[in-house]
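Participant: Under the working numbering, think of the first position of the sequence shown as 4, with each following residue one higher.
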Amino acid sequence: MKTSSIALAIALSLATGCSTNAQVFANQPLVAKVEDGMSQAQVEQIGGKPLSTSARTIEPGTCNDYLLTQADRTQHYNVSFDGNGRVDHKSFMTCAEWSMAQKKAREPSSGGGGGGY
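(1) Count the other C-beta atoms from every protein chain shown that fall within 10 angstroms of the C-beta of A108, then say buried if there are 16 or more, exposed otherwise.
(2) What are the boundary residues of the alpha helix (DSSP H) that includes R59?
(3) Going by beta carbon distance, what residues of the same chain come within less than 6 Å of E62, once the five residues before and after it are set aside?
(4) Could you tell me the alpha carbon to alpha carbon distance between E47 and V27, rounded to whole angstroms?
(5) Check each candidate in L71, F84, A44 and D85 and name the one with the smallest Cα separation from M96.
(6) Could you check what DSSP says for N24 in three-state terms: helix, strand or coil?
(7) For a test of the three-state rule: what should DSSP assign to T6, helix, strand or coil?
(8) In the structure shown, what three-state DSSP assignment does S83 receive?
(9) Have a look at Y80 and L54 and give me their C-alpha separation to the nearest angstrom.
(10) Under a three-way DSSP split, which group does V37 fall into?
(11) From what residue to what residue does the alpha helix (DSSP H) around K52 run?
(12) Mind checking which residues open and close the alpha helix (DSSP H) that includes S94?
So this is what it looks like as structure tokens:
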């Protein structure tokens, strides 16, 4: 299980790194300043109150949804907290999308084969 979580994190990091969203929103405080291990209070000092907070469905913890705005563009962004209330993930997607990605990563692969993404 640990391997699939690592593979998912790498795949999402690569996708985010190539994204124009990462370039457009790179200077937003939530993107530029929030780091793994920060508390929820520290994140709210940087990014303000989230649009919503939800319980995580795959691992214990919570997830905050934000909407970033830059010029005439908007982008969903989430900051996810582990069971101890510390940041362990952030990405350019909603908490629901992140939860679905985690769920898919844990499903046994069909077709029995290749490595893939």
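Glycine included, every Cβ here is placed at the ideal spot set by N, Cα and C. Bear in mind that the values here come from a model prediction, so they are computed numbers and not experimental data.
Facilitator: Well, looking at it:
(1) Residue environment: A108 is assigned as buried (16 or more neighbouring CB atoms within 10 Å of its CB, all protein chains considered).
(2) DSSP places R59 in no alpha helix (DSSP H); its state is neither H nor E.
(3) The beta carbon of E62 is closer than 6 Å to none in its chain, skipping five residues each way along the sequence.
(4) Their backbone Cα atoms lie some 22 Å apart in a straight line.
(5) Considering only alpha carbons, the answer is L71.
(6) Assignment of N24 by DSSP, reduced to helix, strand and coil, places it in the helix class.
(7) Bear in mind that the predicted position of T6 carries a pLDDT of just 49, short of 50, making it unreliable; the figure below should be weighed with that in mind. T6: helix per DSSP, three-state reduction.
(8) DSSP places S83 in the strand class (E or B) of the three-state scheme.
(9) In this structure, the CA atom of Y80 is about 10 Å from the CA atom of L54.
(10) In the three-state scheme derived from DSSP, where H, G and I count as helix and E and B as strand, V37 is classed as coil.
(11) It is not in any alpha helix (DSSP H) - K52 carries neither H nor E in the DSSP assignment.
(12) DSSP places S94 in no alpha helix (DSSP H) but in the uninterrupted beta strand (DSSP E) bounded by V90 to S94.
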